[in-house]
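Structure, as structure tokens:
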Amino acid sequence: MSTPIKRYARNLTAAMAAYVGVLVGTLIGLRALPDDSLLRYVIAPLPVLPAVGLVIAFVRYLRDIDELQRRIQLEALAIAFGASALISFCYGFLENAGLPRLSAIWIGPAMVMLWGLSSGFVSRRFR
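Note that the working numbering has the sequence shown beginning at 1466, numbered continuously upward.
In structure tokens form, the structure reads like this:
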């Protein structure tokens, strides 16, 4: 495994561990607070803070990899961004036709999944 990937894996693991820890703490805190507490609005978004570490880890990874790998990641991100936008637009129209409303929290994981799939697809072109 190359050095940039090792560094990315370490940073990603640390950020994910922090995210899970803060998420669990947030869920416990929210259950302990009354529904009308304004503190719920302070506690609920706290898992976003360690998620910033995920973004930082990825940007550092992009800076560390070679030009070809950077191009692959850029194309994969472009595909994932476009596909996520089209899928969310389409589903929004389908909600107007009667499909159940989905929480916006699923957009991020969908983008990551589409980025992973498109990374594999794009990297095959350069083999």
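Glycine included, C-beta positions come from ideal geometry on N, C-alpha and C.
CB-CB under 7 Å to residue 1504, same chain, minus the five flanking residues each way: which ones, in chain order? The residue given as residue 1504 occupies position 39 in the sequence shown. Result list for residue 1504: 1498, in chain order.
What three-state label does DSSP hand residue 1531 in the structure shown? In the sequence shown, the residue the question calls residue 1531 occupies position 66. Three-state result, residue 1531: coil.
According to the Cβ coordinates, are residue 1518 and residue 1482 closer than 7 Å? Locating residue 1518 in the sequence shown gives position 53, counting from the first residue. Locating residue 1482 in the sequence shown gives position 17, counting from the first residue. Cβ atoms of residue 1518 and residue 1482: not closer than 7 Å.
With a Cβ-Cβ cutoff of 7 Å, do residue 1512 and residue 1484 count as a contact? Translated into the one-based positions of the sequence shown, residue 1512 becomes position 47. Translated into the one-based positions of the sequence shown, residue 1484 becomes position 19. Yes, the Cβ-Cβ distance between residue 1512 and residue 1484 is below 7 Å.
From residue 1469 to residue 1501, what does the alpha carbon distance come to, in whole angstroms? Mapped onto the sequence shown, residue 1469 falls at position 4. Mapped onto the sequence shown, residue 1501 falls at position 36. Their backbone Cα atoms lie some 47 Å apart in a straight line.
N- and C-terminal bounds of the alpha helix (DSSP H) containing residue 1574: Working through the sequence shown from its first residue, we reach residue 1574 at position 109. Counting along the chain, the alpha helix (DSSP H) containing residue 1574 begins and ends at 1572–1590.
Mind checking whether residue 1541 and residue 1568 have CB atoms under 7 Å apart? On the sequence shown, residue 1541 is found 76 positions in, with the first residue counted as 1. On the sequence shown, residue 1568 is found 103 positions in, with the first residue counted as 1. No, Cβ-Cβ distance for residue 1541 and residue 1568 is not below 7 Å.
With 16 other CB atoms within 10 Å as the buried threshold, where does residue 1521 fall? Stepping through the sequence shown from its first residue, residue 1521 is reached at position 56. Classification of residue 1521: exposed, given that the 10 Å Cβ count is below 16.
For residue 1493, count the other beta carbons within 10 Å of its own beta carbon; 16 or more makes it buried, fewer makes it exposed. Which is it? The residue labelled residue 1493 in the question sits at position 28 within the sequence shown. So residue 1493 counts as exposed.
Nearest neighbour of residue 1523, chosen from 1575, 1478, 1570, 1591 [CA to CA]: Your numbering for residue 1523 matches position 58 in the sequence shown. Cα-wise, what sits closest to residue 1523 is 1478.
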